[in-house]
Each structure stands twice: as structure tokens, then as C-alpha cells.
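Counted the way our numbering counts, the sequence shown spans residues 19 to 100.
Note that beta-carbon positions come from the ideal geometry of N, C-alpha and C, so glycine has one too.
Step one of this worksheet: look at the structure below.
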Amino acid sequence: MIPEPLLLLVVSCAPSLLAVVDMFRFRSTTWERAGQNRPLWIALALLMSCLGPALYVTGPRLVLRRTVREMRAEARVRPVQA
19 MIPEPLLLLV
29 VSCAPSLLAV
39 VDMFRFRSTT
49 WERAGQNRPL
59 WIALALLMSC
69 LGPALYVTGP
79 RLVLRRTVRE
89 MRAEARVRPV
99 QA
């Protein structure tokens with residue numbers, strides 16, 4: 019079984035890496051005729067592939083910490099009603 023962080027990394031990075039590989043199928047003249055900049059698209063694809071794991075690692079923890087703090091503060095202010 020693949021560990022969850024590794025699986026997330028594969029799922030989030032594989033499509034963008036496949037997109038980069040797909041970009042190299044076309045000649046540079048094809049990119050020039052289309053008015054596109056291949057190095058820019060490659061950089062954007064790699065940057066976006068890193069964004070998914072980064073949000074997974076940092077996002078939920080920041081949100082959960084704040085939520086737990088708020089819940090504890092509310093519990094201190096008002097008593098639990100049964």
C-alpha cells in the first residue's frame with residue numbers, strides 16, 4: 019500500500035509532469051507560430067504542481083488550529099447545555 023503523502027504527491031505532480039512531457043512533443047517553431055512561450059508554460063506547470071502538496075501540508079493545519087481555538091474559547095464562555 020502506498021502511504022497517503024506519497025500518493026498525494028504522485029496524484030498532484032503527475033499530471034503537470036505529463037503536461038511538460040507533452041509540451042516537448044511540439045517543435046519550438048510550432049510554439050513560436052502560436053505565439054506561446056514554452057519555458058513560461060513549463061515553469062507555470064511545475065509551479066502549479068508544487069502548489070497542491072504545499073496547500074495540503076499547510077492549509078488544513080492552519081484552519082484546524084484556528085477552529086479548535088475558537089471552539090475552546092466558546093466552550094469557556096458559555097456552559098454546555100444538555
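Rounded straight-line distance, which links the Cα of residue j to that of residue i
i     : j     : result
Glu50 : Ile60 : 15 Å
Met66 : Leu35 : 10 Å
Met30 : Ser46 : Contrary to the premise, residue 30 reads as Ser rather than Met in this sequence. Spanning the two alpha carbons is a distance of roughly 27 Å.
Met41 : Ala91 : 52 Å
Gln54 : Cys68 : 23 Å
Arg56 : Pro21 : 34 Å
Glu88 : Leu73 : 22 Å
Ala52 : Leu58 : 14 Å
Leu27 : Thr85 : 26 Å
Pro33 : Ala93 : 45 Å
Gly70 : Arg43 : 26 Å
Inter-residue CB distance, residue i and residue j (contact presumed, cutoff 8 Å)
i     : j     : result
Ala63 : Val95 : Contact flag wrong, Cβ pair sits at about 48 Å.
Three-way DSSP call (helix, strand, coil) for residue i in this model
i     : result
Arg96 : coil
Arg45 : coil
Pro21 : coil
Gly70 : helix
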